[in-house]
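In the working numbering, the protein residues as written are 5 to 131.
Working notes, structure below.
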């Protein structure tokens, strides 16, 4: 069986609300955002910083519901500045024969990390 790594969930253009160097690690994410993107606490996430081009991986932890918190913690805090725009993505291993029907959970937010739109398909014209 061939497994392909496919985008499972994405938080598009969230803003870093905190960077906490003296913390165990991870990225704290508003639990509403986690649920909307189908990302689970302690799941590996990839973070892409739009402001500086850095890309790294860590794991998600749940922040209070409705808080809008996106806190990059531990060593990763050196790679993000407060207010940076981030893309947070999670991937899944999907059997090749199921890829055609697979749909990611895409979440778009405003400047306060409040959900403005959800989709299961990226529009190439607006990407």
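Glycine included, C-beta positions come from ideal geometry on N, C-alpha and C.
Exclusion of the five residues before and after residue 42 leaves 12, 13 and 109 as the residues of its chain whose Cβ lies within less than 7 Å of its Cβ. Sequence-distant partners of residue 107 (beyond 5 residues in either direction) whose C-beta falls short of 6 Å from its own C-beta, in its chain, are 124. For residue 88, there is no enclosing alpha helix (DSSP H), as DSSP marks it with neither H nor E. In the three-state reduction of the DSSP assignment, residue 93 falls in the strand class.
Closest option to residue 25, judged by alpha-carbon separation, among 83, 88, 129 and 95: 83. Annotated as distal: residue 10 and residue 113, with beta-carbon spacing of 8 Å or more. In terms of Cβ geometry, residue 64 and residue 89 do not form a close pair [threshold 8 Å].
By the neighbour-count criterion, in which a residue is buried when 16 or more other Cβ atoms sit within 10 angstroms of its Cβ, residue 75 is buried. According to the DSSP assignment, residue 129 belongs to no beta strand (DSSP E), since it is labelled neither H nor E. Closest by C-alpha distance to residue 21, out of 97, 99, 60 and 72, is 72.
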